[in-house]
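The sequence shown lines up with residues 4 to 276 when you count with the working numbering. The beta carbon of each residue, even a glycine, is placed where N, CA and C say it ideally should be.
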Amino acid sequence: MQDHVNDQVIKHPQKKYYRQRAHCNPLADNFMIHPLSPDYIDWELHYPNYYSDQEGFKKELHLNTKKYPIKYNENKILSEKSAAISKNLKILDIGCGYGGLLVWLSGHFKDKLSLGLEIREKVTNYVGERILSMQQNGTGKNISVVKTNAMKYLPNYITKHQLEMIFICFPDPHFKKRNWRRRIVSYSTVPLYWYLLQEGGLIYIVTDVYDYYVWAVKVMDTYKTLFERIPDDELSSDPCVTAIKTSTEEAKKVERSNSPAYSCVYKTISVEF
4 MQDHVNDQVI KHPQKKYYRQ RAHCNPLADN FMIHPLSPDY IDWELHYPNY YSDQEGFKKE
64 LHLNTKKYPI KYNENKILSE KSAAISKNLK ILDIGCGYGG LLVWLSGHFK DKLSLGLEIR
124 EKVTNYVGER ILSMQQNGTG KNISVVKTNA MKYLPNYITK HQLEMIFICF PDPHFKKRNW
184 RRRIVSYSTV PLYWYLLQEG GLIYIVTDVY DYYVWAVKVM DTYKTLFERI PDDELSSDPC
244 VTAIKTSTEE AKKVERSNSP AYSCVYKTIS VEF
């Protein structure tokens, strides 16, 4: 199924061909292919060029989309290379959009692997092809993207206390009150984020919707036994805070419109139930 990946595809893709509506319902009863658990993932498929220095460049994409499908194994993966990749996967970008933050993460955290999760088909294909075009030129080996529903399948990809950082940038605000349960920052998702983060792990949230920012702070502060907010004055030297407000496509739109962006950062304070 890799016939799609040819010399033309691995040029930087043109975003105009991958436009897709910004919002969807993550709670819709739409089945997505997913692994039984992280033990059933061959991470070499998601990071095909992680070992390219030894094995050469691979023109491969496995994004869990119709164009670039993936078949997850029915048996646990015992590959040492896959295990090494999984061990190094420390950063998660939930709702990664067109991949701007992933590209920044690739250069800033060169010794860590970052994974972007995106629910939209065309957008996932764009990010995958963008990453592959980088890898052809020797960069971006430490980032990947997969189409999945983070509100349903996160534990199928990430193990307990695996992550150092989670990024949630300009999420769908789901303005109507009856749709608040669809929000990616909610009373049901925050305990899961704690479960996936290491002790001292960080979750970065940024939005241009003030009401959503207030909501996110309210929800996060509800779990004071799991998270503590890092005061804004302690974040002035954190490059990630600058990145979430400048590197993503949504952030650039906000900048161009001279609109404010509201952010908060929380740290896990406990790893025991």
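C-alpha gap between residue i and residue j, whole angstroms
| i | j | result |
| --- | --- | --- |
| Met223 | Lys62 | 41 Å |
| Leu200 | Gln17 | 35 Å |
| Ser147 | Lys270 | 25 Å |
| Tyr156 | Ser239 | 34 Å |
| Ser117 | Val130 | 13 Å |
| His15 | Gln138 | 11 Å |
| Glu237 | Arg133 | 34 Å |
| Ala87 | Glu77 | 20 Å |
| Ile36 | Arg185 | 20 Å |
| Ser73 | Glu121 | The identity of residue 73 in the sequence shown is Ile, whereas the question assumes Ser. Ile73 and Glu121: Cα-Cα distance of roughly 15 Å. |
| Phe60 | Thr192 | 37 Å |
| Val126 | Lys227 | 35 Å |
| Ile97 | Leu66 | 15 Å |
| Asp53 | Cys99 | In the sequence as displayed, the identity of residue 53 is Tyr instead of Asp. Rounded to the nearest angstrom, the two C-alpha atoms are 20 Å apart. |
| Ser85 | Val244 | 31 Å |
Assumed close pair residue i, residue j - CB separation to whole angstroms, cut-off 8 Å
| i | j | result |
| --- | --- | --- |
| Glu258 | Cys172 | Actually they do not touch by this definition, with Cβ atoms about 13 Å apart. |
| Leu95 | Ile44 | Contact flag wrong, Cβ pair sits at about 14 Å. |
| Leu64 | Leu108 | That pair is no contact at about 19 Å. |
| Lys69 | Glu124 | 7 Å |
| Pro176 | Tyr213 | Their Cβ separation, rounded to whole angstroms, is 10 Å, which puts Pro176 and Tyr213 out of contact at 8 Å. |
| His111 | Pro242 | 7 Å |
| Lys115 | Asn91 | 6 Å |
| Pro51 | Tyr75 | 16 Å between Cβ atoms; not a contact. |
Assigned exposure category for residue i - 16 Cβ within 10 Å defines buried
| i | result |
| --- | --- |
| Glu202 | exposed |
| Gly277 | Nothing can be reported for residue 277: it is not among the residues displayed for the chain, which extend from 4 to 276. |
| Ser152 | The sequence shown places Asn at residue 152, not Ser. With 16 or more other Cβ atoms within 10 Å, it is buried. |
| Gly204 | buried |
| Val268 | buried |
| Val217 | exposed |
| Lys248 | buried |
| Asn140 | exposed |
| Asn288 | Residue 288 is absent from the structure shown; the chain starts at 4 and stops at 276. |
| Pro263 | exposed |
Residue i and residue j closer than 8 Å at C-beta
| i | j | result |
| --- | --- | --- |
| Thr225 | Tyr190 | yes |
| Ser266 | Gly103 | no |
| Thr210 | Pro234 | no |
| Ile206 | Met154 | no |
| Lys93 | Leu166 | yes |
| Lys144 | Ser55 | yes |
| Ser40 | Asn159 | yes |
| Ile272 | Phe230 | yes |
| Glu47 | Ser82 | yes |
Any C-beta of chain C under 8 Å from that of residue i
| i | result |
| --- | --- |
| Val222 | Absent from the structure: chain C. Only one protein chain is present. |
Identified DSSP bridge partners for residue i
| i | result |
| --- | --- |
| Asp96 | Gly119 and Phe170 |
| Arg232 | Tyr269 |
| Tyr207 | Phe170 and Val268 |
| Val130 | According to DSSP, which records beta bridges pairwise, Val130 is partnered with nothing at all. |
| Leu200 | Leu166 |
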